[in-house]
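Following: one structure in structure tokens, then a few remarks.
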Amino acid sequence: MTQTDDARRRTPKRRRGRALEAALLDAAWQELVDKGYDRFTIESVAERARTSRDVIYRRWPSKAELLRAAVTWVGTQQEVVIPDTGTLRGDMIELMRQANRSRAQLGVQMILQLGGYYAETGTGLGELRSLVLSERGSAVQTVLERAVARGEVDPAKLTPRVIAVPFDLYRQELLMTLHAVSDEAAESIVDEVFLPLVLRD
């Protein structure tokens, strides 16, 4: 191996486009998890990503904008598979289990680490939550449409508030325990609260 070949092997390949953006957002998320928002800085993210601050500032002019991008990025990395168990009960419980596997950690971090962000921007958990939930929202809608087609659910009962109930209660459980929601709690949410609201009389 020549000296030139050895230098090429040891020099990191320059990242561009989506690969660079993914590396920056991964670094930003890890900084947030490790340090919280108060100690989350553009400089620390640049150091972790092995790039310059200017590279980050060209994309996200403030740390609040970088934070929103990182949260959105992490939320969209987990694929939501729409279950088809044959019953609304089975489908909703499986969606909650998926949320446990893919997004419980994200939810806990959004609760624990972002008090400074909410104070700085005058926003709340709902603003960040909306950035990452569109895919799961469409999954719930698909599950409900199938249940209506099977004759399980009365479509007149499916108001936006009612549709939101199961995952509003899921997030409340997450907030109170700071742990993934147990199967027992998920079943209780579905059986005792949600199904009585939506099933045909």
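Numbering (this note's numbering), first residue to last: 14 to 214. Backbone N, C-alpha and C define an ideal beta-carbon position, used for all residues, glycine too.
#### Entry: Unbroken alpha helix (DSSP H) run spanning Phe180, endpoints
Here residue 180 corresponds to residue number 167 of the sequence shown, with the count starting at 1. Residues 173 to 190.
### Message
Please list the terminal residues of the continuous alpha helix (DSSP H) segment that includes Lys48.
### Response
Your numbering for residue 48 matches position 35 in the sequence shown. Looking at the DSSP string, the run of the alpha helix (DSSP H) that includes Lys48 is 30 to 48.
### Query
Can the beta-carbon of Val46 be found less than 8 Å from the beta-carbon of Ile95?
By one-based count along the sequence shown, residue 46 stands at place 33. By one-based count along the sequence shown, residue 95 stands at place 82. Cβ atoms of Val46 and Ile95: not closer than 8 Å.
#### Entry: Beta-carbon spacing of Glu107, Thr98 below 8 Å
Residue mapping note: residue 107 aligns to position 94 of the sequence shown, counting from 1. Residue mapping note: residue 98 aligns to position 85 of the sequence shown, counting from 1. The answer is yes: Cβ separation under 8 Å.
### Message
Any beta carbon from chain D within less than 8 Å of Glu200's own beta carbon?
### Response
The structure shown contains no chain D; it holds only a single protein chain.
### Message
I want to know whether the segment 39 to 56 touches the segment 81 to 89 - three or more CB-CB distances under 8 Å.
### Response
yes
### Residue environment, Gly120, which counts as buried when at least 16 other CB atoms sit within 10 Å
Indexing the sequence shown from 1 puts residue 120 at position 107. Buried, because 16 or more other Cβ atoms sit within 10 Å of the Cβ of Gly120.
### Task
Alpha carbon to alpha carbon, how far is Val161 from Pro168? Give it in angstroms, no decimals.
To locate residue 168, count along the sequence shown from 1; it is residue 155. To locate residue 161, count along the sequence shown from 1; it is residue 148. If I take the Cα positions, the gap works out to 6 Å.
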